[in-house]
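Enquirer: In the UniProt record's numbering, the protein residues as written are 1 to 414.
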Amino acid sequence: MKKNVLIIGAGGVAKVVAHKCAQHNDELGRIAIASRNISKCQAIIDSVKAKGSLKQPADIKAFSLNALDVEATKALIRETGSQIVINVGSAFLNMSVLRACIDTGVAYLDTAIHEEPGKICETPPWYGNYEWNHLAECQEKNITAILGVGFDPGVVNAYAALAQQQYFDRIDSIDILDVNAGSHGKYFATNFDPEINFREFTGQVWSWQNSQWTSNTMFEVKRTDDLPVVGSQNLYLTGHDEVHSLSKNLNVPNVRFWMSFGEHYINVFTVLKNLGLLSEQPVKTAEGLEVVPLKVVKAVLPDPSSLAPGYTGKTCIGDLVKGTKDGQSREVFIYNVADHEEAFAETDSQGISYTAGVPPVAAALLVARGEWDVQRMVNVEELPAEPFLNALDVMGLPTRIKDEHGDRPWNGVA
1 MKKNVLIIGA GGVAKVVAHK CAQHNDELGR IAIASRNISK CQAIIDSVKA KGSLKQPADI
61 KAFSLNALDV EATKALIRET GSQIVINVGS AFLNMSVLRA CIDTGVAYLD TAIHEEPGKI
121 CETPPWYGNY EWNHLAECQE KNITAILGVG FDPGVVNAYA ALAQQQYFDR IDSIDILDVN
181 AGSHGKYFAT NFDPEINFRE FTGQVWSWQN SQWTSNTMFE VKRTDDLPVV GSQNLYLTGH
241 DEVHSLSKNL NVPNVRFWMS FGEHYINVFT VLKNLGLLSE QPVKTAEGLE VVPLKVVKAV
301 LPDPSSLAPG YTGKTCIGDL VKGTKDGQSR EVFIYNVADH EEAFAETDSQ GISYTAGVPP
361 VAAALLVARG EWDVQRMVNV EELPAEPFLN ALDVMGLPTR IKDEHGDRPW NGVA
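Here you go:
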């Protein structure tokens, strides 16, 4: 049984992770938060204390850490006695933090695929370029490494597994629909790290269609769906982490990811891209300074965590699954609706951070209890879905089902 959690990162998602770990510290044990900016870690700790999130009295400690420094990360893991590391820092940190966890024999959890600063939209399957290179080593050393255990990727992977296990004999397509119908009141902002956000959209859009990788450009393919609570929404085919693992681990010929965008976002994005301001490659100014345009854009946009106080509206994220059951065609939508204002009331964070931050803590609890302490590297769809979804129901992200029988809360039975 593992306990004591080290949270790496100090953004909006890390804040949610800290609140949720505190709410379950009777099982998870000691909590430590580490980031380059220790003042951000301390601000999270102050928020946890102000909200009274700790289930039982305990100290939460803040540490300054450059998580690209593997030896420093290993030293901090040992110093804090952590047996579970939740990596919610930049996606550029994944391989360094994973290396530290393997070397110290502790469980590793993250919420996004690894990225290299000079590369975008890598050749699929993207996990095969980095994390999956350590599958054998984790197996040999009995290291539990759970990849992409946020909401998407993460919960949507569990929805796909649930569909395959309970609702279908054969699945023909999984379309992951991600809608944020909230409003933050700013002229333009991203809901998570702008650098990571834009990098998803500036290269090729990879999807799995007819059992092969298919490439499109961003905003090339559009669909409109009438979804629960959020209503009619325009969604665009987008490349995303979970497509890279679901295409490998589930025998499904079509796996696609769709995200909603308003016309204003598309217009601003298009101007920035056409001006070259979303490039990840360095350029020189007239003064001889070398800058990365994308990092400049990130620096002038609002910090995503600053959006939380004024955020209103809801999100709707789920899997639209089509196939057959008992010889009959079937369509099932497995989804969650989250509320920005409710997320802020509980954790001082907006709904996007909430949906990404609750799942890794649910996973950490399952690791601590032994149910998901699998001692190998896995993506979420390779694990039992029901314990995870049951934990999320209790922790604030309940699952719903919409099919031929109506729209209802998921109760563990198909």
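A virtual CB, placed ideally from N, CA and C, is assigned to each residue, including glycine.
My parser needs the alpha helix (DSSP H) runs of 4 or more residues fully inside the segment 284-320; what are they?
Expert: 293-300
Enquirer: Excluding the five sequence neighbours on either side, which residues of its own chain have a C-beta within less than 6 Å of the C-beta of Asp172, listed in chain order?
Expert: So the qualifying residues of the chain are Lys322, Gly323.
Enquirer: Taking Leu28 as part of the alpha helix (DSSP H), name the residues at either end of that continuous run.
Expert: 25-28
Enquirer: Can you tell which of Val358, Ile196, Pro124, Thr190 has its C-alpha closest to the C-alpha of Gln209?
Expert: Among Val358, Ile196, Pro124, Thr190, the Cα nearest to that of Gln209 belongs to Pro124.
Enquirer: Which residues share a DSSP beta bridge with Asn180?
Expert: Thr315
Enquirer: Is it buried or exposed for Tyr187, if we count other Cβ within 10 angstroms and need 16 for buried?
Expert: exposed
Enquirer: What residue range does the alpha helix (DSSP H) around Ser47 cover?
Expert: 38-50
Enquirer: Answer with buried or exposed for Lys15, where buried requires no fewer than 16 other C-beta atoms within 10 angstroms of its C-beta.
Expert: Counting of Cβ neighbours within 10 angstroms places Lys15 among the buried residues, the total reaching 16 or more.
Enquirer: I'd like the span of the alpha helix (DSSP H) that includes Gln139, first residue to last.
Expert: 135-141
Enquirer: Comparing C-alpha positions only, which one of Val88, Asp169, His184, Val252 sits nearest to residue 426?
Expert: The chain is shown only over 1 to 414; residue 426 falls outside these bounds and no answer can be derived.
Enquirer: With distances taken between CB atoms, is the gap from Ala183 to Gly351 smaller than 8 Å?
Expert: As written in the sequence, residue 183 is Ser, which differs from the Ala given in the question. Cβ distance not < 8 Å, so Ser183 and Gly351 don't count as in contact.
Enquirer: Does the separation of the CB atoms of Glu381 and Leu250 fall below 8 Å?
Expert: yes
Enquirer: Determine the direct distance from the alpha carbon of Thr238 to that of Ile225, and round the result to whole angstroms.
Expert: For clarity, residue 225 is Asp in the given sequence; the question names Ile instead. Cα to Cα, Asp225 sits roughly 16 Å from Thr238.
Enquirer: Alpha carbon to alpha carbon, how far is Glu242 from Gln212? Give it in angstroms, no decimals.
Expert: Going by the C-alpha atoms only, they are around 15 Å apart.
Enquirer: When we look at the beta-carbon of Asp319 and count the other beta-carbons within 10 Å, is it buried (16 or more) or exposed?
Expert: buried
Enquirer: Measure the C-alpha to C-alpha separation of Gly310 and Gly185 and round it to an integer number of angstroms.
Expert: 7 Å
Enquirer: Measure from the alpha carbon of Asp69 to the alpha carbon of each residue in Thr217, Met395, Cys101, then state which is nearest.
Expert: Taking only the C-alpha atoms, the option nearest Asp69 is Cys101.
Enquirer: Along the chain, which unbroken stretches of the beta strand (DSSP E) at least 3 residues long are found entirely within the segment 204-261?
Expert: 204-209, 212-217, 222-227, 231-238, 254-260
Enquirer: Among the residues of its own chain, which have a CB less than 6 Å from the CB of residue 423, if the five just before and after it don't count?
Expert: Here the chain covers residues 1 to 414 and nothing more, so residue 423 does not appear.
Enquirer: Relative to the alpha-carbon of residue 415, which residue among Glu79, Asp407, Gly231, Arg199 has its alpha-carbon at the smallest distance?
Expert: As displayed, the chain neither begins before 1 nor continues past 414, which places residue 415 out of reach and without an answer.
Enquirer: Would you say Lys74 and Asp103 are within 8 Å of each other, going by their C-beta atoms?
Expert: The criterion of a C-beta distance shorter than 8 Å is satisfied by Lys74 and Asp103.
Enquirer: Measuring straight from C-alpha to C-alpha, what distance separates Phe388 and Gln281?
Expert: 40 Å
Enquirer: Given Asn87, which residues of its chain have a CB within under 6 Å of its CB, disregarding the five upstream and five downstream residues?
Expert: Within its own chain, the residues whose Cβ lies closer than 6 Å to the Cβ of Asn87, once the five positions on either side in sequence are excluded, are Ile8, Val97, Asp110, listed in chain order.
Enquirer: Taking Met395 as part of the alpha helix (DSSP H), name the residues at either end of that continuous run.
Expert: 385-395
Enquirer: Determine contact between the segment 367-377 and the segment 331-343, defined as no fewer than three beta-carbon pairs at a distance below 8 Å.
Expert: no
Enquirer: Could you please give the first and the last residue of the uninterrupted alpha helix (DSSP H) stretch that includes Ser82?
Expert: Element bounds for Ser82: n/a, residue is neither H nor E.
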